[in-house]
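As structure tokens, then:
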């Protein structure tokens with residue numbers, strides 16, 4: 001952006017010592033197959049645009065007024081969705097803002113916060129921002145989480161579930177165990193991808209969201225987002241569910257940073273999304289189905305695919321040359337995410353796209369295989 | 001919201017010790033004359049709704065994608081408006097979020113930050129949130145700011161200009177003096193209301209915004225908002241202008257809290273507002289004109305009215321019984337702001353409304369005067 005040498009003389013030491021989060025790139029040119037930031041391949045519910053358009057038609061003048069500071073209607077819709085009381089629901093400007101407030105509200109304590117060593121890369125950034133010690137607990141060899149490895153003093157635990165970038169799911173029994181073994185710590189379950197998780201337990205679907213635990217466990221806080229399963233990354237809405245005392249802490253913290261984080265249109269659009277249950281159920285099932293077929297095709301191509309419960313797959317070319325595969329795909333206009341980090345440098349995280357996008361990816365991988373021998377090293 | 005006794009056991013001490021900001025009330029019933037939160041009496045530019053509606057019509061599906069993280073188009077429009085480089089412009093989720101990032105980026109230092117004793121009541125809240133010592137410098141007897149009273153060691157200075165709730169304006173000469181006398185401190189000028197300031201200097205309009213100083217003074221940072229002069233409180237957009245190194249600090253801090261604070265629709269709507277210069281000039285002049293006539297009428301009613309450069313007036317009933325006047329007005333459905341604080345308890349802050357609203361206020365005050373004798377005693 002600038003060729004100037006940055007003059008940090010007037011910065012706080014906090015500002016100087018930050019290592020900000022680096023989101024996945026958002027290249028803007030056409031015909032790109034963007035499978036790198038886990039956006040939903042389907043558009044949001046048409047009701048979202050309709051509700052916002054209606055507000056603009058009937059009440060555009062009201063944009064001159066401050067929005068509802070606590071997003072009451074949206075929180076009421078979310079409370080109804082999960083059969084909760086409205087005071088068990090918090091909303092913010094994307095789940096990233098919610099997570100920042102979580103770190104400030106519950107983790108700024110003497111003891112460290114525990115998180116998996118391989119997880120959402122914003123967690124270490126928040127820890128630095130809020131001066132919190134983060135202890136990273138190693139995932140097992142198969143990238144699963146063993147709750148027993150979390151048996152150490154802490155102020156809190158944060159786990160993405162399904163975890164990113166692995167896509168693996170932790171069971172509710174394990175989450176309950178973590179909460180009961182750490183009754184003086186807040187256990188945060190970051191469920192950005194939970195709506196794509198699905199487990200058959202005999203003939204019925206087993207519950208996977210920890211929202212079902214919050215009435216039992218007063219130290220579980222669950223965060224979710226509209227950016228993935230609700231196809232609304234562009235609208236910036238995230239939420240948290242927990243017992244009213246936890247929600248009150250978040251509300252106080254919010255009102256000490258920024259009283260009105262959700263604009264009027266985002267509140268209206270997000271509310272419309274929550275109310276359109278049919279569309280939500282239909283599209284999330286489509287993503288799950290597409291994930292299953294993508295997984296099958298990658299397996300045929302000799303990729304190791306972790307069992308994903310998210311809208312992405314975490315895969316390893318059998319020879320491990322993930323970085324070369326990512327570069328070769330990029331030349332074909334297909335962007336996937338490669339993390340140049342210990343333990344996962346041999347893997348690629350690939351967002352589940354539309355059927356066409358997935359086919360384009362598979363075709364490109366087949367070409368690589370045959371023509372360039374990239375995956376052969 | 002809840003009758004439960006709050007259990008703060010799991011809160012951080014930070015969360016426990018906060019005294020969150022309390023915004024002016026937003027009662028929802030009809031026929032209320034809401035002159036308490038300094039919203040613009042005019043609607044936003046029609047181009048705002050049109051631009052958002054067009055995006056919804058043509059690209060609603062793109063809400064599934066993350067928005068531009070640095071709001072490039074909006075920043076480019078603001079840069080052009082003020083003849084700046086885009087790397088001198090920062091935007092955030094309302095100027096409240098921008099101010100929070102300012103405190104974290106520039107004021108978290110050993111030395112205190114200085115602010116007027118009577119000013120925006122969010123400043124002491126931010127100081128507490130970020131563990132910054134705030135030294136309040138007394139305004140003069142007439143509520144003006146004397147730059148000489150700021151001659152003390154500090155990490156920064158923050159001044160609302162025009163100040164709130166007084167409406168008084170500090171000159172650019174005084175701001176320049178503050179900046180040069182504190183070359184190792186960031187001088188933040190919070191210009192939420194600057195577009196309503198207007199000074200005739202001979203035959204031409206004198207410049208009042210400190211944005212004109214940022215190329216000269218590398219330690220001046222100016223914040224502004226879309227909530228007042230642009231009638232977009234409902235859209236949550238604020239901005240900061242300063243030298244590229246200051247902007248880079250804010251950007252890094254933002255990316256350590258929340259990478260995508262402005263949703264796609266807010267970016268599009270705010271950009272359309274900036275580009276509609278004619279509408280902006282017309283409505284801000286109308287507000288200024290309405291302020292002048294309201295001031296004249298209040299003066300006739302024997303109210304002392306401070307010379308306001310904002311979209312509100314700060315007034316004192318001659319007998320000082322401001323609280324009783326506010327209560328009596330409320331019974332008539334007219335809400336004004338009374339601050340029960342030292343030095344200003346005898347004053348009321350009244351937002352400039354439409355001609356009709358202002359007339360309703362004046363009529364109600366006349367009635368009070370005659371019928372109830374409130375102001376007499």
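Residue numbers (UniProt numbering), protein chains in the order written: chain B, 1 to 377; chain U, 1 to 377. Ideal placement from N, C-alpha and C gives every residue a C-beta, glycine not left out. Keep in mind that this is a model prediction, so the values were computed, not measured.
Q) When the cut-off is 9 Å and only beta carbons count, does residue 9 of chain U lie next to chain B? A) Yes - at least one Cβ of chain B is within 9 Å of the one on residue 9 of chain U.
Q. Which chain U residues are close to residue 52 of chain B, counting only those with a beta carbon under 8 Å from its beta carbon?
A. Those within 8 Å of residue 52 of chain B in chain U are 52, 56 and 265.
Q: Determine which residues share a DSSP beta bridge with residue 305 of chain U and list them.
A: Looking at the DSSP output, residue 305 of chain U sits in a beta bridge with U/315.
Q. Mind checking residue 351 of chain B: buried by the 16 CB within 10 Å criterion, or exposed?
A. Under this definition residue 351 of chain B is a buried residue.
Q) Can you tell me whether DSSP reads residue 241 of chain U as helix, strand or coil? A) Strand.
Q: Tell whether a beta-carbon distance below 9 Å holds between residue 333 of chain B and residue 38 of chain B.
A: For the pair residue 333 of chain B and residue 38 of chain B, the CB atoms are not nearer than the 9 Å cut-off.
Q. Going along chain U in order, which residues have a C-beta closer than 8 Å to the C-beta of residue 26 of chain B?
A. Chain U residues near residue 26 of chain B: 65, 66, 68 and 69.
(Q) When you compare the CB positions of residue 187 of chain B and residue 178 of chain B, do they come within less than 9 Å of one another, or not? (A) Closer than 9 Å, so yes.
(Q) Give me, in chain order, the residues of the same chain whose beta-carbon lies closer than 6 Å to that of residue 272 of chain U; leave out the 5 immediate sequence neighbours on both sides. (A) Counting only Cβ-Cβ distances below 6 Å, and skipping sequence neighbours, we find 47, 48 and 51.
Q) Taking the DSSP output, what are the residues bridged to residue 84 of chain B? A) In DSSP, residue 84 of chain B forms no bridge with anything.
Q. Got a sec: is the Cβ-Cβ distance from residue 219 of chain B to anything in chain U below 9 Å?
A. Using a CB distance cut-off of 9 Å, residue 219 of chain B counts as an interface residue toward chain U.
Q: List the endpoints of the continuous beta strand (DSSP E) containing residue 91 of chain B.
A: Counted as a single uninterrupted DSSP element, the beta strand (DSSP E) harbouring residue 91 of chain B occupies residues 89-92.
Q.
I believe residue 224 of chain B touches residue 242 of chain B by the beta-carbon criterion, under 8 Å. Please report the beta-carbon distance rounded to the nearest angstrom.
A. In fact, because the Cβ distance is near 12 Å, the residues do not count as touching under 8 Å.
Q | Beta-carbon contacts of residue 107 of chain B that lie in its chain and below 6 Å, excluding the five residues immediately before and after | A | Once the five neighbours on either side are set aside, the close Cβ partners of residue 107 of chain B are 113, 132, 155 and 156.
Q.
Can you give me the C-alpha to C-alpha distance between residue 376 of chain U and residue 66 of chain B, rounded to a whole angstrom?
A. Summary for residue 376 of chain U: the model assigns pLDDT 47, below 50, so the residue's position carries little reliability; its value from the coordinates is reported in the next sentence. For residue 376 of chain U and residue 66 of chain B, the distance between alpha carbons rounds to 35 Å.
Q: State the DSSP-derived secondary structure class of residue 22 of chain B, mapped to helix, strand or coil.
A: Coil at residue 22 of chain B, not helix or strand.
Q: Locate the alpha helix (DSSP H) running through residue 223 of chain B, then write down its first and last residues.
A: Taken as a continuous stretch (DSSP letters only), residue 223 of chain B belongs to no alpha helix (DSSP H), being part of the beta strand (DSSP E) at 220-225.
Q) For residue 248 of chain B, does the count of other Cβ atoms within 10 angstroms reach 16, so buried, or fall short, so exposed? A) A residue is called buried when at least 16 other Cβ atoms come within 10 angstroms of its Cβ; residue 248 of chain B meets this threshold and is buried.
Q) Near residue 217 of chain U, which residues of its chain fall below 6 Å by C-beta distance, leaving aside the five closest residues on each side in sequence? A) Non-local C-beta neighbours of residue 217 of chain U in its own chain, meaning closer than 6 Å and more than five positions away in sequence, comprise 179, ordered along the chain.
**Q.** Same chain, Cβ closer than 7 Å to residue 120 of chain B, five either side skipped, listed in chain order
**A.** Only 160, 164 and 190 meet the Cβ criterion.
Q: Please list the residues of the stretch 243-276 of chain B that have a C-beta atom closer than 7 Å to any C-beta atom in chain U, keeping them in chain order.
A: Cβ contacts with chain U come from 244, 245, 246, 248, 249, 252, 253, 255, 256, 257, 258, 259, 260, 261, 263, 264, 265 and 266.
Q: Report the option in U/226, U/100 and U/198 whose CA atom is closest to the CA atom of residue 209 of chain U.
A: Checked all of U/226, U/100 and U/198; the closest Cα to residue 209 of chain U is U/198.
Q. Which runs of the beta strand (DSSP E) spanning at least 3 residues fall entirely within the stretch 141-168 of chain B, listed in chain order?
A. Runs found: 156-160.
Q | DSSP-derived helix/strand/coil call for residue 228 of chain B | A | Coil, per DSSP.
Q. Would residue 61 of chain U pass as a contact of residue 43 of chain B if the rule is Cβ separation under 9 Å?
A. Yes, these two residues count as a Cβ contact at 9 Å.
Q.
Less than 9 Å between CB atoms is the rule here; does residue 108 of chain B satisfy it with respect to chain U?
A. Yes, because at least one Cβ of chain U sits closer than 9 Å to the Cβ of residue 108 of chain B.
Q. How many angstroms separate the CA atom of residue 278 of chain B from the CA atom of residue 63 of chain U?
A. Their Cα atoms are separated by approximately 19 Å.
Q: Measure the CB-CB distance between residue 117 of chain U and residue 343 of chain U and report whether it falls below 9 Å.
A: A distance below 9 Å separates the beta carbons of residue 117 of chain U and residue 343 of chain U.
(Q) Nearest by alpha-carbon distance to residue 40 of chain B: which of B/211, B/124 and B/311 is it? (A) Among B/211, B/124 and B/311, the Cα nearest to that of residue 40 of chain B is on B/311.
Q) Along the stretch 167-194 of chain U, what residues have a CB closer than 8 Å to any CB found in chain B? A) Those residues of the stretch 167-194 of chain U that come within reach of chain B (Cβ to Cβ, closer than 8 Å) are 184, 185 and 186.
Q: Have a look at residue 148 of chain U and residue 174 of chain U and give me their C-alpha separation to the nearest angstrom.
A: So the two alpha carbons sit approximately 9 Å from each other.
(Q) On the CB-based measure, 16 or more other CB atoms within 10 Å of its CB, does residue 203 of chain B come out buried or exposed? (A) Under this definition residue 203 of chain B is an exposed residue.
Q: Find the nearest neighbour of residue 207 of chain U within the set U/171, U/16 and U/233, judged by alpha-carbon distance.
A: Answer by Cα proximity: U/171.
**Q.** Span separating the alpha-carbon of residue 29 of chain U from that of residue 357 of chain U
**A.** C-alpha separation (whole angstroms): 16 Å.
Q.
Give me the chain B residues within the contact set of residue 349 of chain U, using Cβ-Cβ distance strictly less than 8 Å, ordered along the chain.
A. Residues of chain B passing the Cβ test: none, with the nearest at roughly 16 Å.
Q.
I'd like to know whether the C-beta of residue 96 of chain B is nearer than 9 Å to at least one C-beta of chain U.
A. Yes, because at least one Cβ of chain U sits closer than 9 Å to the Cβ of residue 96 of chain B.
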